[in-house]
Structure formats: structure tokens, C-alpha cells
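Colleague:
Residue numbers (our numbering), protein chains in the order written: chain S, 590 to 701; chain X, 8 to 122.
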């Protein structure tokens with residue numbers, strides 16, 4: 590069984606560049622979550638989707654961040670323009686109904 | 008406002024002994040609690056959960072206890088094994104609707120089990 594797949598695993602970019610993180614949820618799951626983990630703020634929810642529809646984006650830090658889920662098997666988190674303070678590990682998770690969330694391996698983003 | 012708190016950043020125990028990880032919460036709307044385990048360079052892995060209608064849930068070596076009046080939960084690992092060394096996160100979610108999907112995480116506790 591394939592778990593949640595994220596790409597890339599590591600991303601190093603320069604300030605001002607556009608960054609796109611990708612996520613493939615577990616097949617059949619109907620909810621998808623994007624989290625960010627930093628030393629200062631821990632693990633925080635950025636946005637989540639139910640049935641491909643964004644439900645709660647109150648955790649998205651600012652307009653530079655956007656997320657899409659064009660279909661049930663794919664989601665992107667885009668940062669444009671990126672800043673050094675965006676450096677973090679970004680996790681994607683998915684779940685079905687009331688079951689627990691299952692996390693991907695994360696993307697470590699470094700913005701220089 | 009940290010609604011879920013894990014006050015111990017680290018815990019060290021001997022192999023074979025009990026590990027007790029603690030978590031406190033402030034939001035009385037939380038009614039479902041989970042523990043996740045995280046190894047370096049991997050995503051958090053679901054371990055065990057408990058609903059607010061229960062005060063205990065057990066799965067093999069792992070038991071979660073919930074004290075609603077104290078807004079406190081704990082994870083017991085017995086016996087502890089070196090492979091249990093990881094960061095453990097406590098998480099909570101609220102009742103129904105959109106809040107039923109949203110998890111709020113604690114800061115995590117690094118458990119080290121020494122051989």
C-alpha cells in the first residue's frame with residue numbers, strides 16, 4: 590500500500606523564487622491537509638480540503654501561500670515569492686472520514 | 008495560545024521500563040485525542056487515539072489515559088524498547104463540522120530508550 594507521497598523531498602531555492610510542493614494522498618481518502626513544522630511554531634495546520642474543496646485556510650500565513658486540489662489524487666502548495674522565513678518542513682496528510690490522518694514524509698524547504 | 012501542551016521536551020528511560028508521556032489541553036471543545044510518533048526525516052505516524060467518552064484505550068504495549076476533568080492525557084509504553092526512541096506528539100480535535108477534522112498538535116516530547 591502506497592502511503593502519502595510528497596515531492597520533492599528537499600528543495601533549496603533563493604529568496605524571491607516560486608516554490609511548488611506536491612502531494613498525492615492515499616487512494617480513497619477524501620480529506621487532505623497541509624502542515625508546516627518549524628522550531629518556533631511546531632507543527633501547524635496551513636489548510637485542509639474535503640472532497641477537493643478547501644474548507645479551512647485560516648492557517649495560511651499570507652497571500653504568498655496558495656494551495657490547490659484539482660482532483661482527488663493531487664494537491665499543490667505554492668509559495669510565491671518565497672522568503673527565508675518560509676524555510677521549514679512541509680507535511681501533507683490525508684484521511685478518510687473519521688479515521689486518523691496519515692502523513693507523508695515531508696518536504697524540507699530551505700530558502701536562501 | 009497553545010491549546011495543547013507537552014511540558015516535557017525530552018524523556019529518557021531504560022529498556023524494559025515504563026515510559027510515560029504527558030499532554031495537557033485547554034480547549035474543552037476537544038473530544039478526540041491522538042498520539043503520533045515521529046522518526047527523523049519521516050512524517051508523523053499514527054500510534055493510538057482515544058475518544059472523550061472513554062478514559063482508557065489500549066493497543067499492545069501502548070495505553071492512552073484521558074482525564075477529562077483535569078484536561079490531561081498520557082501515553083504509557085510498557086515495556087519500552089530502543090526502537091521506541093522518537094518524538095511523540097499529542098494531538099486533539101473538536102466536535103463535528105470543520106473542527107472535527109482539524110488537529111491541534113503539542114510541541115512534542117523526545118523519548119530516548121537506552122539499552
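From the three backbone atoms N, C-alpha and C, an ideal C-beta is built for every residue, glycine too.
Please read all numbers here as calculations on a predicted model, not as lab measurements.
#1: Measuring straight from C-alpha to C-alpha, what distance separates residue 674 of chain S and residue 26 of chain X?
#2: What residue from X:31, X:119 and X:88 has the CA that sits closest to residue 73 of chain X's CA?
#3: Please confirm whether residue 681 of chain S and residue 638 of chain S have their CB atoms less than 8 Å apart.
#4: Going by CA-CA distance only, name the one from X:57, X:82 and X:60 that's closest to residue 94 of chain X.
#5: Using a Cβ-Cβ cutoff of 8 Å, what residues of the region 39-59 of chain X are near chain S? List them in chain order.
#6: How far does the beta strand (DSSP E) with residue 630 of chain S in it reach, from first residue to last?
#7: If you count every other CB in all the chains shown that lies within 10 Å of the CB of residue 104 of chain X, and 16 or more means buried, which is it?
#8: Could you check what DSSP says for residue 113 of chain X in three-state terms: helix, strand or coil?
#9: Given the structure, does residue 14 of chain X come close to the ligand ZN, in the sense that its CB is under 7 Å from one of the ligand's heavy atoms?
#10: Name, in chain order, the residues that DSSP records as bridge partners for residue 611 of chain S.
#11: Rounding to the nearest angstrom, what Cα-Cα distance links residue 640 of chain S and residue 652 of chain S in this structure?
#12: Name, in chain order, the residues that DSSP records as bridge partners for residue 101 of chain X.
#13: Which residues share a DSSP beta bridge with residue 643 of chain S?
#14: Can you tell me the Cβ-Cβ gap for residue 125 of chain X and residue 56 of chain X, rounded? I've got them flagged as a contact below 8 Å.
Modeller: The relevant details are as follows:
#1: Approximately 36 Å between the Cα atoms of the pair.
#2: Out of X:31, X:119 and X:88, X:31 has the C-alpha closest to the C-alpha of residue 73 of chain X.
#3: In this structure, residue 638 of chain S does not lie closer than 8 Å to residue 681 of chain S by Cβ.
#4: Sorting X:57, X:82 and X:60 by C-alpha distance to the C-alpha of residue 94 of chain X places X:82 at the top.
#5: Under the 8 Å Cβ criterion, the region 39-59 of chain X contributes 41, 43, 48, 49, 50, 51, 52, 53 and 56.
#6: It is not in any beta strand (DSSP E) - residue 630 of chain S carries neither H nor E in the DSSP assignment.
#7: For residue 104 of chain X, the predicted structure reports a pLDDT of 47, less than 50, and the residue's modelled location is therefore unreliable. A value from the coordinates is still provided. It is exposed - the Cβ of residue 104 of chain X has fewer than 16 other Cβ atoms within 10 Å.
#8: Residue state, collapsed to three classes: coil.
#9: Looking for the ligand ZN in the displayed structure turns up nothing, as the structure carries no ligands at all.
#10: For residue 611 of chain S, the pairing in a beta bridge is given by DSSP as S:596 and S:665.
#11: Rounded to whole angstroms, residue 640 of chain S to residue 652 of chain S spans 23 Å at the Cα level.
#12: Residue 101 of chain X is bridged to X:37.
#13: S:638.
#14: Examination of residue 125 of chain X is not possible in this model, given that chain X is present from 8 through 122 alone.
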